[in-house]
Amino acid sequence: MSATADPVPAKERAWRRSAGRALNLLRRHTTAALFVLLVCFVGGIEMIVPGTVTPTWISNIVLFAAPLGILAAGQTLVMLSGGIDLSVASVATASAYLMATHSSLGGVACVLWGLSVGLGVGLINGIGVAVLQVQPLVMTLGTGLMTQGTLIVYSQKMLSNAPRVPSFIQSLGSGKVLGGIPIDLILWAPIALVVVIGLRRTGFGRLLYAVGDNREACQLSGVRVWQVLLTDYVLCGLLAAVAGLVIVGGTNAADMSLAEVYLLPSVAAVIIGGTSIFGGRGGYAGSIVGALILTVLNSLLTLLDAPEPIRQILYGTIILILAAAYTRLTD
Amino acid sequence: MFGGTNGASGSRGSRVPFSHLAAEMTSTEILLAASNVAKRFNSVVALKAAALEVRAGEVHALMGANGAGKSTLVKILTGVFPADGGEIAIRGRERRFRSPAQARQAGVVSVYQDPALVPDLTVAQNLRLARVNAKAVRAWLADLGIPELDLGAFVRDLPYPVLRLIDLARALASDPTILLIDEITAALPADLSERIFGIVRRWRERGRSVIFISHRMAEVSALCDRATVLRDGLTVGVTDTARGSEERIVELMLGYEVAHTAAAGDARIAAEAADRAAPALEVRGLRCGRLLNDVSFAVHAGEVLGIAALEGQGQEELFDCIAGVRERDGGEIIVRGRPQDFRHPADAIGAGLVLVPANRQQAMLPQRSIRENVALPAYRGLRHWGLIDMSAERERVQEAIRRLHIDTRAESALQRLSGGNQQKVMIARWLASEFKTLLCFDPTRGIDIGTKRQIYALLRELAAAGAAVLLFSSELPEIPLVCDRAIVLFAGRVVHEMAAADADEVTLLRASHGLVPQREASA
Amino acid sequence: MTAADQTQSPLETGPRLRGLRRFVHHHPSLVTMPALLAVFLGVTVAIHPGYDSFDAQSLAMGAMPLAFAAAAQAVVLISGGIDLSVGSMIAVCNVLAATTMENATFGESLLFAAGICVVGALLGAVNGLVVVFSRVPDVVVTLTTGFIWGGVALLILERPGGGAPQEFIQLGAGFLVSPWISGSLVLVAAAVAIIWIPVQRGRLGLLLYAVGSDKASAFRSGVNVELTRFLAYVLGGLFSAVGGIGLVMTTGIGSPLAGVYYTLSGLAAAVLGGVSLTGGRGGIVGPVLAAYVLTLIPADLIFLNIDPNFGQVIQGTLIVLVVMGGGLVELLQRRKK
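Residue numbers (the numbering used here), protein chains in the order written: chain H, 472 to 802; chain F, 47 to 569; chain L, 5 to 341.
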């Protein structure tokens, strides 16, 4: 039995080999690949409307991306452990509202009030998911509805204490220093640093990945999984609350649907960034780039001056294409 | 690419031409002829040039170490995925299966280790789903000893051995030309295994064929006519199973002369050196669930205690209780003289008891690296949630990997490693953390022989270094090789205890059935 | 001791369930949901003794779109997926109906309704195709397509408006036999009977449950898993279309943003109605009945003179309590074993 003639010609084999190697390189350095994609998008904008990409524009992009990035940080933490948090938008809105209605108490106090929403809802989510083992999708859906409804009732009872956005929050959400550095970046950067290092270099970070990968294996290794998950959802709630404070600082008006538009992007940024929705794989660096990509995308659509419905359709379609491309790449 | 080039040089018996097969060629029809079958998954080559030839009316064993390509070949033959190269001919006609349904139509049906039964449907619905004749299945179930099965019961409510029988009955009812049976005796009691063998023999008399996959050499010699051995994705030999072939098969699988482990000698030396003070682990009157009734024994530091039992005699509950996975219903667990109350595996680990489960899937982190898998228990306590000392961790992990000779080439994710290496990582996990007593539940189930022997050598090493080892093994011949003493569980109780020298297969098997020798050696 | 003393055969399957116990074991939600609905109705009548056919009619009409949203979600959940775009599909079909039927005759409106059902099925088909072929998890896909369909709805109708011929609206708002059996009840029953029952009894139903319960085993049993999942999403789209049309009957107009509520509440009704999030378990009847329970809550609040804005809080809290309670029950059961 001799060797059969190789049906694939040498040239094609070489081409396939280098394509394969390129794909492998992409697979292993997905964050870098994403960054390249971001640059492409920015380049695309410059080509469509020359003169758009200025330092001011870049700083604006970062300004708008920061709240999404902070929201995506919480969502990343939760997705790594195999869950999801659909209450982040409601928590962000409620936190902003609570802060605004207590603004008369002074800076620290009103921020604490805002954060307390994140802590409280995060605790409820954590107890449901970690202790009672409810599925995160349903649990956070319910708490999201609950939070939103409670907020509506609260806003009607609180007619005496009108919400007012304090000036330091306004600067946080829309201000810049040193000729262009957004103040919310000064908040986002340390958070990002802590999250990235925390995920890679701490025991808790390792446990998040481990729990997302195989919960039972963690039990057998002596990990008390409920502790990890409870902390996870509380952290997500707190981060959502922080994001809410930044968002309201940007819009300067605390209304009921403040953060609604951030829910889909918070999930999308994490998925595009390479974290698997089933858990056990991914990281925050990708989510950061994902948040930037989505913000640039939004800016691109605004530039095209298309009517709102068209923008919505295009935004969704592009997210779908990015997510599909990413899944193909890593499968 | 691997189209048709010659196989790896230097390995004996690569690409054996069919004309040189050991068995005599008769004029029997050849039902299945596969040659040059190749398959790769991205960068991993699973099969280079596998060949298999099955005649009509034969029971043909397919053997090989984990990672040799057995399961890949099986999946290709049954249509789960297509081959990258090679030819497969059924009854002389070349076929290319694109789905299990196509393979089934061509008469190739398989019975895998996990029965393909949908849990939330009833048995009858499952049969309808697969378009199988329910009456024929009933008839086969009667032959297999469960004529009264309620076909309207949900699959999720039925015990696992029953599901395997339903799966087998379903396969038989579709009247296959070639029946592929994969490790079916792993979860079944001995008498049921015999019944299945009887059915297999009857099937052979009808002129059909069976491809039989098993790690149990005794079964292969008893049941099969010929055996094809795979190694490293190649067929390295085909032998008759009749003529004292076990050693030859093992040689083919491992590729070198296999020497018997000198473990028996070590066992006696270690036993004398064992610390006779307080036992490392003592169990008194332990009860748990329906199956574990009243178990008492002791394990000392420096010794390996083996447990032998048939399926379902309470051994799973026993290990679960000692490891803290399950709460006991009664009795005591005493560690180094102090009674313990375990609520969670963390409690057991804190007392120095660590578990290596039979099913790797339970303990593995498939997407994480070897390093993360090995280091996992180190972060179980709240005070270890902070920053990791990376260099210290690297040292610990490397040391454990070195001791177990783990192949670290596929670093990225544990799921890319072979089964044997994965199990070694599970053991390495405990080498890197501290422990006093190692609980091994059938750690070498489904692992190739080479890795098995490495693991047993390690267990002896650990015992010699002062650990206590409790080992449950479903393969009786291994017990006297590794253990110092052995106990037998039957009906949830310890019915016999003996030294390694007396723990021969016959005694163990009889005791496993409850047949204890007259002169009782009570614990 | 001999082998005969062996206390436990590994083949023991336990006592065979018969009769009523068997029915309850096989169809738990068909027992619990009617009971729950009866309890809520009882409470409602107790609060408001003057509960008359008009109240029953507004309950039936109010719950109708939610019932269809619940049915849509249930089908997809049973097959092991999830569809977070149900509300948006309802919105698209709703505005499509309101714009096309605005100046149509009764006959034309019926034709348009049929066409919109096809549109709904097509929307579902897109969902199904993307989920199956892109291999992106269904949560992400449908979250995104929901966003896209929302944009489509806004494109068709920017502000609430449009309408439908009176006779068409009467199909839902009127009644034939008795004022207690509103047309909307009949429509829900008819849709379930026409769309779901043949599916459930036929091979497709078997395939849906099989794929939802255990994809791998279904595949090895010869099932075309991808086609099955695709069809589940098509059915979801179909039920959503009916829901959107029903919404025109209920409100008389089309509203592009009406859908948001229905995605989450439809999911809640499905979960309350006994459908498992992991697939393979549950039916359509439970979720439909749960839709009526959920709709009773704001109605009861009005009767109790409580601010109806509390309705959303209570619904959300109800979901949270129900799922937490279910989790607690399972936890305790596992401890006992």
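Beta carbons are placed, not taken as given, at the ideal position from N, Cα and C, and that holds for glycine.
Please read all numbers here as calculations on a predicted model, not as lab measurements.
Check                                                                                                                                                                                    : Outcome
Compare the C-beta of L/Pro141 against all C-beta atoms of chain H and say whether one is closer than 7 Å.                                                                               : yes
Pull up the DSSP beta-bridge partners for H/Pro653, would you.                                                                                                                           : H/Lys647
Could you check the C-alpha separation between F/Pro235 and F/Leu190 for me, to the nearest Å?                                                                                           : 13 Å
Please report the Cβ distance between H/Ala712 and H/Val562, rounded to the nearest whole angstrom; I am assuming they are in contact, meaning their Cβ atoms lie under 8 Å.             : 6 Å
Inspect the beta-carbon positions of H/Tyr733 and H/Leu505 and report whether they are closer than 7 Å.                                                                                  : no
In its own chain, which residues sit with a C-beta less than 8 Å from the C-beta of H/Ala544, not counting the 5 before and 5 after it?                                                  : Ile662, Ala663, Val666, Leu710, Tyr755 and Ser758
So, helix, strand or coil for H/Thr702, using DSSP?                                                                                                                                      : helix
Tell me whether the beta-carbon of L/Ala95 lies closer than 7 Å to the beta-carbon of L/Pro260.                                                                                          : yes
Quick one: Cα of F/Gly53 to Cα of F/Leu280, how far?                                                                                                                                     : Interpretation of F/Gly53 is limited by its pLDDT of 35, a score under 50 that renders its predicted location unreliable; the figure taken from the coordinates is listed afterwards. Approximately 7 Å, taken between the alpha carbons.
Report the three-state DSSP secondary structure of L/Gly290 (helix, strand or coil).                                                                                                     : helix
Can you have a look at F/Pro222 and say buried or exposed, based on whether 16 or more other CB atoms are within 10 angstroms of its CB?                                                 : buried
Could you give the residue range of the alpha helix (DSSP H) that holds F/Gly466?                                                                                                        : Gly465 to Ala478
State buried or exposed for L/Val47, treating a residue as buried only when at least 16 other CB atoms are found within 10 Å of its CB.                                                  : exposed
Check whether the stretch 682-692 of chain H touches the stretch 570-578 of chain H, counting contact only when three or more Cβ pairs, one atom from each stretch, lie closer than 8 Å. : no
Would L/Ala222 count as contacting chain C if we go by Cβ distances under 7 Å?                                                                                                           : Annotation note: the requested chain C is absent from the structure, which comprises protein chains H, F and L.
Starting from F/Val368, follow the alpha helix (DSSP H) in both directions and report where the run begins and ends.                                                                     : According to the sequence shown, residue 368 of chain F is Ile rather than Val. Where F/Ile368 is concerned, the enclosing alpha helix (DSSP H) stretches over Gln361 to Ile368.
When the distance is taken between beta carbons, is F/Arg210 closer than 7 Å to F/Pro146?                                                                                                : no
Looking at the secondary structure, which residues open and close the beta strand (DSSP E) in which F/Gly283 lies?                                                                       : Leu280 to Asp286
Classify L/His29: buried if its beta carbon has 16 or more other beta carbons within 10 angstroms, exposed otherwise.                                                                    : exposed
If I follow the unbroken beta strand (DSSP E) through F/Ser520, where does it start and stop?                                                                                            : Neither: F/Ser520 is in no beta strand (DSSP E) and is coded neither H nor E.
Any beta carbon from chain F within less than 7 Å of H/Ala730's own beta carbon?                                                                                                         : no
For F/Cys270, name the three-state secondary structure that DSSP assigns.                                                                                                                : coil
For a cutoff of 7 Å on Cβ pairs, would you count L/Ala214 as touching chain F?                                                                                                           : yes
Let me check one thing: in DSSP terms, what residues is F/Ser156 bridge-paired to?                                                                                                       : F/Leu226
Along the chain, where does the alpha helix (DSSP H) containing F/Glu551 start, and where does it finish?                                                                                : Glu551 to Ser558
I'd like to know if F/Pro222 contacts chain L, where contact means its C-beta is closer than 7 Å to some C-beta of that chain.                                                           : no
To be precise: take each residue of the stretch 282-308 of chain L, compare its Cβ to all Cβ atoms of chain F, and keep it if any distance is under 7 Å. Which residues remain?          : Gly284 and Arg285
Just to check my reading of the structure: F/Val157 and F/Ala217 have Cβ atoms closer than 8 Å, yes? What is that Cβ distance to the nearest angstrom?                                   : 5 Å
Return the CA-CA distance between L/Gln204 and L/Asn98, expressed in angstroms with no decimal places.                                                                                   : 27 Å
Leaving out the 5 sequence neighbours to the left and right, which residues in its chain are closer than 7 Å to H/Arg782 when beta-carbon positions are compared?                        : Leu772
Are the beta-carbon atoms of F/Gly360 and F/Cys529 separated by less than 7 Å?                                                                                                           : no
Does H/Trp486 pass the burial test, meaning 16 or more other C-beta atoms within 10 Å, or should it be called exposed?                                                                   : exposed
Quick check on the burial criterion: 16 or more other C-beta atoms within 10 angstroms. Buried or exposed for H/Thr611?                                                                  : buried
Using 7 Å as the threshold, is the C-beta distance between L/Leu88 and L/Leu147 below it?                                                                                                : yes
Contact criterion: CB-CB distance below 7 Å. Does L/Leu210 meet it with respect to chain F?                                                                                              : yes
If the cut-off is 9 Å on Cβ atoms, which residues from the stretch 309-327 of chain L count as contacting chain H, listed in chain order?                                                : Asp311, Asn313, Phe314, Gly315, Gln316, Val317, Ile318, Gln319, Gly320, Thr321, Leu322, Ile323, Val324, Leu325, Val326 and Val327
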